[in-house]
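Reading through the C-alpha cells given below for one structure.
Residue numbers (the numbering used here), protein chains in the order written: chain A, 94 to 186; chain B, 94 to 186; chain C, 94 to 186; chain D, 94 to 186; chain E, 94 to 186; chain F, 94 to 186; chain G, 94 to 186; chain H, 94 to 186; chain I, 94 to 186; chain J, 94 to 186.
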C-alpha cells in the first residue's frame, strides 16, 4: 500500500557543519537503499523549507515506520503519514 | 491492518424523524454486518456528540473506504482515518 | 512542474442521484482527458472521505488552475495546491 | 471506563543512548505492569513518529492520570486523553 | 466523576420565535431536572455567545451522553466534553 | 466574578528533583492561601498532563492576574483565562 | 471592567435589502444607546470584513452579555469576548 | 500604504449562470476602476480556488475597506487584510 | 491610523532577576516615551499571561514597526498587529 | 512564475550582536544579488515582527528553493511559499 509522508527536519541551526554533512550523507545513502527496496518511490522538496514530501510503498504501517525510523536524521524529524487508498480511476480496464 | 476511524454525523437537525430513524436502522444493520465480517472491531461514542470513534481492520485503505462508504449515513458523515502501526509491545514473546 | 493537489467534494448530500451520477460521469471523463494530456499523473482517495490527493504536472500554476477549473465538479470542490520542488536525489547521475 | 490516549515522546534527540535505552526499558516494564493490571488494553504506534495511541481502562480520570504519570518517560511526553462512551451497539443480548 | 461541558447553540437565526421560545422553555425544564438529579452542577454563559460552559457529574461518559442528548436543543448543539481528574489538593482531611 | 483558568506547567523535564519539589511545595502553599482568600474555588487535573483547570473568583481581571502571578510556578506556566457570565438559570429562588 | 469584543456579522448575503437596511438602522440606534450608557467606548471596523472590534466597559460579563444580546443583529453575529486587565502603566502616579 | 488582501469567493455553487456572469462582469469593471485609481496594484489567483491574492494601496484601512466593499461580489467574499510595512531594503540609496 | 497590537513576552523563565528587572525598567521607560509621542494610546494586560494588548497610533505600519522594535524586550516578544479601520459610527455628526 | 514567500526569522535573542550584525549584512548583500537577478521583486516587513513577505519570480520551485537556501539566515528562518497563478485581469488586451 502507498503512503504520503511529510518530513520536517528540525536539526538545530547550530549543528556543526561536519556533523550536519555526515548526517546528510548517511541520509542520502539510506534513502537510496529504500528506493532500491521499492519503499521510497518519489521524493520532493517543500520549497523554502528543510522539508520533504515523499511517496512510499510498504506492506503495512509498521513496515513503513521501520523504514522511516532507519533514517539517520529520524530523531530530528517531525514526520506525518497519510495512508492512501487506490482510486478506482487508477485501476485498469 | 488496523485503523482508527472518527465519524461526525452531520445529518441536518430538521431531518424528519422517520427519515432519521430509517437511516439509523440501516446504519445499525450495516454496522452489524461489518462486525460480522471482522472489519468493525470496536465502536465508541464521543460523549455529547453525534460522533463515534471506531477500531477497524481491513486489508488496505481501499477496502476500509469501501466499508465506510457502504454505510447508509455516509453522505452525511465527516470521517477521518488514521492508519495504526502494530506496537512491538503487542507482539508476542 | 509538479503539484500536489487535494480536493474535498462538497456536493450537498441531498443532490438527486441522477444529477450526482451525471456529474461523476463527467468528472471521470474529464479526468481521463487530463491524464491523456499528461496533467493528471496519479490520483488517490483519502480513505473514508469524498476527497482525493493527486499528483499533477503543468507548465505553471495558471495552467494547473485552468485544468482543475475544467472539472465538472469544480464549483463544489474545496481544492488546495502545493507546488513541489524536484528533490536533488531524483536527479539522475 | 475506557480512554483513548495519545502520547508524543519529546525526549531531546541529543539524549545519550544509554539514558534513552534505560528509559525505554523502564517504559516497557511499567507498560507491562499496566497491562497486567488491566489498565493498558491496546497500544499502537503512530507510523513515522515517536508517538503512540493507546486504549486504556481505569476507574476514573484520576486513576488514569496516576497510571500515565507512573511511566518513566512521563516528564517528556505530551499526552492527550479522550473519555470514551460505550456505544449502544456494543451492548448486547 | 466530573466533566467540563461546552455547548454552542446553532439554532438557525430564522427560527420562528414561538419555536425558539418553546425549545428554550423545554431546555430550562430539562436542565432543572438534571440539576435535581445531581448531574448538572454549575452552568455559565460564555459572554456574547449563545453558548454555555457547564460542570456536570455522572457515573461515566455514557450516562453524561444520555443526559446531554435528552436536552430538547441537543440536535442543534455543538458540544465538547472534557473529563476532569480530581486534583490532590481537593482531597483532604 | 468567576473565571475558568487553564494552566500548562512547562517546567523543563531536566529540572533537578529538589528544585521541582521545592517549587511544588510553594505552589501548594500559595494555592491554599488563594483558597482561603476565596479566589481559588475548585481545581481539577487535566488527565495525563501537568496541567490544571480551575474555577476562580476575583473582583476583576487585574486581581485575578495578581493572584495567578503570585504562584511560584508562574514563570513556567502557560495560562489562559475565560471570563464567565452568570447563567440566568443560576439566579433565583 | 473593560472588554475587547470582536463581532463577525453572518447575515446571509441574500437577505433582502430592506431587511438588511432596517437591521442596520436598528443596530446603529442600539449602539448609540450603548455609547451613551458608557458601555460601548470605541468601535473599529476590521478592514475588508463585515466585522468589528470594540472596546466595551461593563460591571461584569453578564452585563456585557446582555448589552451585546440587545443588538438587533445579535442572532446573526459570531462574537468573541476577552476580559482585559488594567495594566500597571495605566495607573496614575 | 500597501496591503496584502486575500479573497475567497463563497458565491453558492447553485447560483444561476446569468447571475454569476453578471456579477463577474461587474466585478471586472469595478476592479478595473480600482486599478485606474491606483488602489489595486497587482492581482493573482490562488491556483485551484475561486480566490485571489492582491496587492492594494490606499491612504488608510478605511479607504481600503470602502474600495473592497464597493466590489459587487463583496457580500459573498471572505476577505482578510494584512498591512505591509515598507522594508528598509526597498528605500532608495 | 490606529493599530491593535498583541505582545507575548517569551523571556526565558531562568533569566537572572537583575537582567529581567533591568529589561522591565527599560521597557517602562520606553513605553512612557511612546505614550508621550502619542504612539501608545492604551495598554492592557492579558490576565494570567506575560502578555499585553495595546492600542497604538502611527503614520503607517513602518513607523509602528520602528516604535515596537525600539522596546528593549523586542527580541523576546512575539508580536501581532492588526490595522484598524475607523468605524463610520465614530465619525462625528 | 511568481511566488509569495513569508519568512519568520528565528535567530535566538541571545545571539551576540556582532554575529547578528554580520548575518544581517550578508543577508542584505545576498538579497541585493537576488534583486539584480530578478528573483526578488518586492519585499515588505510584517509590522512588529522579525518577518517579511516577499514577491519572488523563478523558473520553478526548485530554483526558488535554491535562491532562498542561499540566504545566510536560511538555517534560522521558517519559510512558507505559495505559488501564484497569473490572474486573467492582468493579461493585456
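Beta carbons are placed, not taken as given, at the ideal position from N, Cα and C, and that holds for glycine.
Just verifying my parser: in three-state terms, what is the DSSP assignment at residue i?
i, result
"residue 170 of chain G", "strand"
"residue 176 of chain J", "strand"
"residue 118 of chain G", "helix"
"residue 99 of chain D", "strand"
"residue 144 of chain D", "strand"
"residue 107 of chain D", "coil"
"residue 154 of chain B", "helix"
"residue 186 of chain F", "Low confidence applies here, because residue 186 of chain F scores a pLDDT of 49, under 50, leaving its location unreliable; read the following figure in that light. Coil, per DSSP."
First and last residue of the alpha helix (DSSP H) that includes residue i?
i, result
"residue 136 of chain F", "Not the alpha helix (DSSP H): residue 136 of chain F falls in the beta strand (DSSP E), residues 133 to 138."
"residue 165 of chain G", "Neither: residue 165 of chain G is in no alpha helix (DSSP H) and is coded neither H nor E."
Can you tell which of the options has its C-alpha closest to the C-alpha of residue i?
i, options, result
"residue 175 of chain C", "J/168, J/101 and J/153", "J/153"
"residue 166 of chain B", "B/123, B/109 and B/98", "B/123"
"residue 120 of chain G", "G/178, G/183 and G/162", "G/162"
"residue 169 of chain E", "E/97, E/96 and E/103", "E/103"
"residue 55 of chain I", "I/180, I/109, I/156 and I/173", "The first residue shown for chain I is 94 and the last is 186, placing residue 55 of chain I beyond what the model contains."
"residue 132 of chain J", "J/164, J/143 and J/116", "J/164"
"residue 134 of chain H", "H/172, H/143, H/118 and H/98", "H/98"
"residue 125 of chain E", "E/179, E/160, E/178 and E/171", "E/160"
"residue 158 of chain E", "E/117, E/114, E/127 and E/137", "E/127"
"residue 171 of chain E", "E/137, E/143 and E/136", "E/143"
"residue 180 of chain D", "B/137, B/177 and B/179", "B/137"
"residue 151 of chain I", "H/178, H/173 and H/115", "H/178"
Classify residue i as buried or exposed, calling it buried when 16 or more other Cβ atoms lie within 10 Å of its own Cβ.
i, result
"residue 107 of chain J", "exposed"
"residue 147 of chain D", "buried"
"residue 60 of chain D", "One cannot answer for residue 60 of chain D here, as it falls past the ends of chain D, which runs 94 to 186."
"residue 141 of chain E", "buried"
"residue 112 of chain F", "exposed"
"residue 100 of chain G", "buried"
"residue 183 of chain E", "exposed"
"residue 145 of chain C", "buried"
"residue 95 of chain D", "buried"
"residue 105 of chain G", "exposed"
"residue 186 of chain F", "With a pLDDT of only 49 at residue 186 of chain F, under 50, the local geometry of the prediction cannot be trusted, and the value read off the model is given with reservation. Exposed."
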